[in-house]
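When we follow the numbering used here, the leftmost residue of the sequence shown carries the number 33, and every step to the right adds one. What follows is one structure encoded as structure tokens, with my remarks underneath.
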Amino acid sequence: MGYYTEFRRSIDHPEDFWREQAGKIDWIKPPKTIWQATSNGHGVWFPDGELNSSQIALDANINAGRGDQAALIYDSPVTDTKRSYTYRELTEAVALFAGALKNQGIAKGDRVIIYMPMIPEAVIGMLACARIGAVHSVVFGGFASHELAVRIDDAKPKAVLTASCGIEVNRVIAYKPLVDRAIDQSEHKPDCCIVFQRPEVTAEFNSDRDVDWQAATEAAEPADPVPVKATDPLYILYTSGTTGKPKGVVRDNGGHAVAITYSMKLVYDANPGDVYWAASDVGWVVGHSYIVYGPLFAGCTTILYEGKPVKTPDAGAFWRVVQDHGVNLLFTAPTAFRAIRKEDPEADQLARYNINSLKRLFLAGERLDPPTYDWLKEHTNLPVLDHWWQTETGWAICCNPVGLEMMKTKAGSATVPSPGFNVQIVDSRGHQTPAGQQGQVVVKLPLPPGCLLTVWGDDQRFQHSYLDPVPGYYTSGDGGYIDEDGYVFIMGRTDDVINVAGHRLSTGEMEEVLASHPAVAECCVVGAHDELKGQIPIGLVLIKDGATINHDELEDELVEMVREKIGAIACFRRALVVERLPKTRSGKILRRVIRQIADGEEYTVPSTIDDPAILTEIKEQLG
């Protein structure tokens with residue numbers, strides 16, 4: 033069955049379509065009701081079904097004869113460690129730690145915060161929570177104590193799981209003091225803090241609540257999977273909100289298991305036994321969907337990588353992992369490959385490794401700029417597939433549906449809506465726009481399985497943030513357009529559209545022009561306040577390693593390129609060369625903060641920023 037047939041079936045007959053997909057996972061009690069409406073039009077999926085996500089990820093693979101297949105490969109260049117777990121070994125480790133959690137009084141419905149580095153115990157902790165019906169909330173390891181405290185107060189966990197340290201390129205970060213300060217600051221106090229000791233740092237236990245991970249495991253008996261309702265929460269994952277208070281996205285068990293299993297075939301064409309690598313972190317949604325749950329649901333081998341695209345030790349790091357473990361499918365954010373391209377523009381490092389096992393490259397998390405797309409195509413000769421999704425949706429809203437058919441790619445496009453997502457473009461009044469015209473990207477309700485149920489503890493915020501802006505639709509907060517072929521182009525957050533003398537212009541389009549200059553490795557464009565025109569664009573650019581162009585000369589060339597490609601109407605006159613761009617730890621450029629600096633406004637240093645010192649440098653240059 034081709035894409036268009038499957039897509040239409042998912043929109044016209046959603047209950048029949050998702051009943052079929054639900055039949056592909058192991059239920060404890062299969063659902064009879066597929067979708068149940070709610071007053072806001074959002075609805076819930078499989079409300080009378082029962083299952084266990086840990087059982088589907090682990091035990092089901094043993095039952096299918098994959099017990100001796102590698103389930104998880106841990107590769108840590110920062111500790112020079114590699115370790116592999118078969119499905120049988122991983123199931124035993126998860127069951128035993130689930131027993132340890134039960135011994136600490138943790139039961140179905142209790143919340144557990146996981147604040148850990150990229151080590152196997154993080155995955156084991158997540159799956160152990162799922163096994164006993166506890167709700168995990170993974171917080172990116174290294175977050176400041178205040179941010180962790182905010183999440184503790186919101187989720188009210190019974191336990192915190194952590195490690196003695198995390199390891200960065202040039203430093204070791206002790207986690208236990210951060211956790212202790214967070215608990216001191218929070219009003220809610222967890223009953224216990226289970227600490228995994230790493231060789232690099234030994235954490236001090238200074239409270240009755242502190243428990244040694246190894247000792248707790250040794251004292252435990254393996255726990256069997258606990259049946260939960262499909263609508264019971266599997267996890268809470270916090271994402272940034274406009275108010276500054278993070279939003280706790282709630283993911284259910286049933287819809288998540290069905291949708292993520294379906295997506296592994298649809299989006300990635302992953303099959304049992306494939307080696308699948310999502311080069312992200314378990315603290316982000318990619319880590320939940322495609323490091324932990326998705327590959328295991330699909331019977332793949334998943335890679336857990338504790339390293340960076342560059343500096344661990346060089347720009348060949350990703351290609352080394354592909355070669356060493358026979359990776360078939362690689363998914364990461366464009367920023368990772370921009371970093372690699374910047375340090376190795378001629379792909380000399382790539383030439384050192386055999387990547388013949390690799391079938392396809394997948395990118396998401398931010399807009400895939402055409403120069404990065406072209407560089408990857410040129411140097412890997414592989415399909416380079418962009419897809420677009422959000423923390424809130426949990427899987428791809430738009431993709432190239434290679435599990436159904438490989439569609440023609442268009443640089444800058446995430447291709448077409450995934451089956452189940454009725455994507456539309458609307459104007460400021462909620463009216464659909466014609467092909468090629470930019471507007472807000474929305475999804476007609478109901479959303480397919482796997483998307484957020486609500487915001488933890490604040491259903492009103494869920495309604496206000498996502499459903500109220502355009503009644504009858506989920507509002508993505510992104511702007512873009514659909515071309516005459518039905519291809520979706522995401523041009524960035526709607527607040528990245530700038531208004532120059534009454535004309536709405538996309539900063540994404542301008543970035544595309546700047547990035548096409550042969551000396552530019554990476555860039556961003558923001559709109560700065562202008563007394564005459566309302567806003568004018570300012571570009572910040574990084575120069576490729578080895579490029580020897582005068583900065584004033586480069587600025588002149590970039591200004592001329594924007595004038596030529598977009599027109600004088602863009603009023604693009606400034607392109608500053610910078611050493612670094614301020615980013616979150618997941619690689620997203622902090623455009624709003626740059627815009628506030630450019631406008632001379634007060635700004636808050638985001639908790640997710642990779643290096644706060646960059647903002648001071650930017651402020652000095654914008655002057």
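Don't be surprised by glycine CBs; every beta carbon is placed ideally from N, CA and C.
Residue closest to residue i, alpha-carbon to alpha-carbon, out of the options
i    : options                   : result
F49  : Y294, P259 and W309       : Y294
G599 : S538, P638 and R624       : S538
T37  : G55, P449, E649 and P341  : P449
E563 : C556, G444, I335 and N531 : N531
C161 : G287, F172 and V144       : V144
R623 : T271, I650, G305 and L499 : I650
I621 : I641, A607 and A602       : I641
I568 : A630, V359 and S497       : A630
K409 : C430, T425 and E378       : E378
A154 : G198, V625 and I138       : G198
L484 : V260, I205, D264 and A54  : D264
V474 : V625, W488, D459 and A262 : D459
Distance CB(residue i)-CB(residue j) smaller than 8 Å
i    : j    : result
Y117 : P79  : no
L586 : V558 : no
A268 : V258 : The residue you asked about is not Ala; residue 268 is Ile in the sequence shown. No, the Cβ-Cβ distance between I268 and V258 is not below 8 Å.
F394 : L361 : yes
F7   : A547 : The structure shown has nothing for residue 7, since the chain only spans 33 to 655.
P189 : P222 : yes
R120 : G99  : yes
I457 : T447 : no
L104 : L122 : yes
I164 : V126 : no
F350 : A311 : yes
I146 : L180 : no
D418 : A396 : yes
E375 : V110 : no
G619 : A365 : yes
Q526 : G540 : The sequence given here places Thr at residue 526; Gln does not occur at that position. No, these two residues do not count as a Cβ contact at 8 Å.
S196 : V171 : no
D301 : V204 : no
Three-way DSSP call (helix, strand, coil) for residue i in this model
i    : result
N531 : strand
C431 : strand
I387 : coil
M523 : strand
W50  : helix
S548 : coil
E82  : strand
L122 : helix
F350 : helix
G326 : helix
L417 : strand
F237 : coil
I629 : helix
W59  : coil
G280 : strand
Identified DSSP bridge partners for residue i
i    : result
T425 : DSSP output for T425 lists no bridge partner at all.
K188 : None; K188 has no bridge partner.
Q567 : H561
H168 : V144 and Y267
K615 : I621
E554 : L574
Q472 : V458 and G511
D107 : K114 and Y337
A206 : C197
A607 : G571
F363 : A310 and F394
R230 : V233
W67  : W77
Burial state of residue i, where buried means 16 or more other Cβ atoms lie within 10 Å
i    : result
I570 : buried
N388 : exposed
R230 : buried
R40  : exposed
K615 : buried
V637 : exposed
G280 : buried
Q422 : buried
I646 : buried
A368 : buried
G141 : exposed
K61  : exposed
P480 : buried
D517 : exposed
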